[in-house]
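S.K.:
Numbering (the UniProt record's numbering), first residue to last: 1 to 267.
(1) Output the boundary residues of the alpha helix (DSSP H) element that contains residue 65.
(2) Can you list, in chain order, the residues of its chain whose CB lies under 6 Å from that of residue 69, leaving out five sequence neighbours each side?
(3) Do residue 178 and residue 77 have their CB atoms nearer than 8 Å?
(4) Please report how far the alpha carbon of residue 144 lies from the alpha carbon of residue 43, in whole angstroms.
(5) Mapping DSSP to helix, strand and coil, what is residue 93?
(6) Where do the N-terminal and C-terminal ends of the alpha helix (DSSP H) with residue 214 fall, by residue?
(7) Taking residue 186 as part of the alpha helix (DSSP H), name the residues at either end of that continuous run.
(8) Determine, using beta carbons only, whether residue 91 and residue 157 come nearer to each other than 8 Å.
(9) Please classify residue 183: is it buried, with 16 or more other beta-carbons within 10 angstroms of its beta-carbon, or exposed?
(10) For residue 126, is the classification buried or exposed, using 16 other Cβ atoms within 10 angstroms of its Cβ as the cut-off for buried?
(11) According to DSSP, is residue 44 part of a helix, a strand, or is it coil?
(12) Return the CA-CA distance between residue 189 and residue 252, expressed in angstroms with no decimal places.
(13) Determine, using beta-carbon pairs with one atom in the segment 194-213 and one in the segment 97-106, whether at least three such pairs fall under 8 Å.
(14) Need the endpoints of the alpha helix (DSSP H) that residue 58 sits in, please.
(15) Three-state secondary structure (DSSP) at residue 156?
(16) Suppose the cutoff is 8 Å on Cβ atoms and the five residues either side in sequence are ignored; what does the same chain contact list for residue 82 look like?
(17) For the putative contact between residue 187 and residue 139, defined by C-beta atoms under 8 Å, what is the C-beta separation to the nearest angstrom?
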């Protein structure tokens, strides 16, 4: 009865030998021999998150402030481009409508953005520092000059003063119109949401095409039929590009879009 513990450390050796035997047995079960495949030791489970909580916090945005800011800002940017093209091609009524749409959309988007921030001085603080690596900082310096140029152009359009200044302001607004319509896609892709960040190269195309469809649709509805052809073409092209880009986004990176797809199916 005492043979197993007569020498010092004998009990520990027996325990170690028993553990090693169990490990060898487990390795044999896992390996299953050279001629057979591996035997699964753990049941298949569906990954949800740690402790049943979501990995990334849901973005907290005021509604409808941010959705309206995204929509009106994009529509204003594309309308400014459309207004400059209509001015060059001799379509005064379409030019007038596009300039008013650009000015109204930009000013309204600034109002919704400031309301979402909570205090107006927060928007002004963004103008104190220019940080090229921050999409939010770059977007602020896109929105501010665009709104000023679009608003001044619309005011001159109403007053009828300085026709050369009117065209110059329209060109300046058009130059900032493209970046205004697409920078929001870069901004969202720069966040910690995996489904947005994974498509950082495609979201700007989605937002830009959506802006073309929105701006073209608004100007098409408010312009005479004989001058609305450029607006119709812009709306159709933008809608086509948006559908193609969204189809590409929704069918790539299935693991990243799976939670959104499951929640949509559940609802």
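For every residue, glycine included, the Cβ atom is placed at its ideal position computed from N, Cα and C.
M.R.: So, from the listed chains and residues:
(1) As a first step, residue 65 must be located in the chain shown, where it is residue number 65. Residue 65 -> alpha helix (DSSP H) spans 65-88.
(2) Here the question's residue 69 lines up with position 69 in the chain shown. Correct list, in chain order: 109, 112 and 113.
(3) For the purposes of this step, residue 178 is taken as residue 178 along the chain shown, with counting starting at 1. For the purposes of this step, residue 77 is taken as residue 77 along the chain shown, with counting starting at 1. It is a contact, given that the beta carbons lie within the stated cut-off.
(4) By one-based count along the chain shown, residue 144 stands at place 144. By one-based count along the chain shown, residue 43 stands at place 43. Looking at the two C-alpha atoms, the distance is approximately 57 Å.
(5) Along the chain shown, read from residue 1 onward, the residue named residue 93 stands at position 93. It is helical.
(6) Locating residue 214 in the chain shown gives position 214, counting from the first residue. Taken as a continuous stretch (DSSP letters only), the alpha helix (DSSP H) holding residue 214 covers 203-222.
(7) Position 186 of the chain shown, counted from the start, is the residue given in the question as residue 186. Run containing residue 186: 163-189, per the alpha helix (DSSP H) assignment.
(8) Locating residue 91 in the chain shown gives position 91, counting from the first residue. Locating residue 157 in the chain shown gives position 157, counting from the first residue. Contact: no.
(9) Counting from 1 along the chain shown, the entry for residue 183 is found at position 183. Classification of residue 183: buried, given that the 10 Å Cβ count is 16 or more.
(10) Position 126 of the chain shown, counting from 1, holds the residue named residue 126. Residue 126 comes out buried.
(11) What you label residue 44 is simply residue 44 of the chain shown in a count that begins at 1. Here residue 44 sits in coil by DSSP.
(12) Working through the chain shown from its first residue, we reach residue 189 at position 189. Working through the chain shown from its first residue, we reach residue 252 at position 252. So the alpha carbons of these two residues sit roughly 16 Å apart.
(13) no
(14) Position 58 of the chain shown, counted from the start, is the residue given in the question as residue 58. Taken as a continuous stretch (DSSP letters only), residue 58 belongs to no alpha helix (DSSP H), as it is neither H nor E.
(15) For the purposes of this step, residue 156 is taken as the residue at position 156 of the chain shown. Reduced to three states, the DSSP call for residue 156 is helix.
(16) Along the chain shown, read from residue 1 onward, the residue named residue 82 stands at position 82. Same-chain partners within the cutoff: 94, 98, 215, 216, 219, 230, 231 and 234.
(17) Counting from 1 along the chain shown, the entry for residue 187 is found at position 187. Counting from 1 along the chain shown, the entry for residue 139 is found at position 139. Yes, they are in contact, since the Cβ atoms of residue 187 and residue 139 sit about 6 Å apart, within 8 Å.
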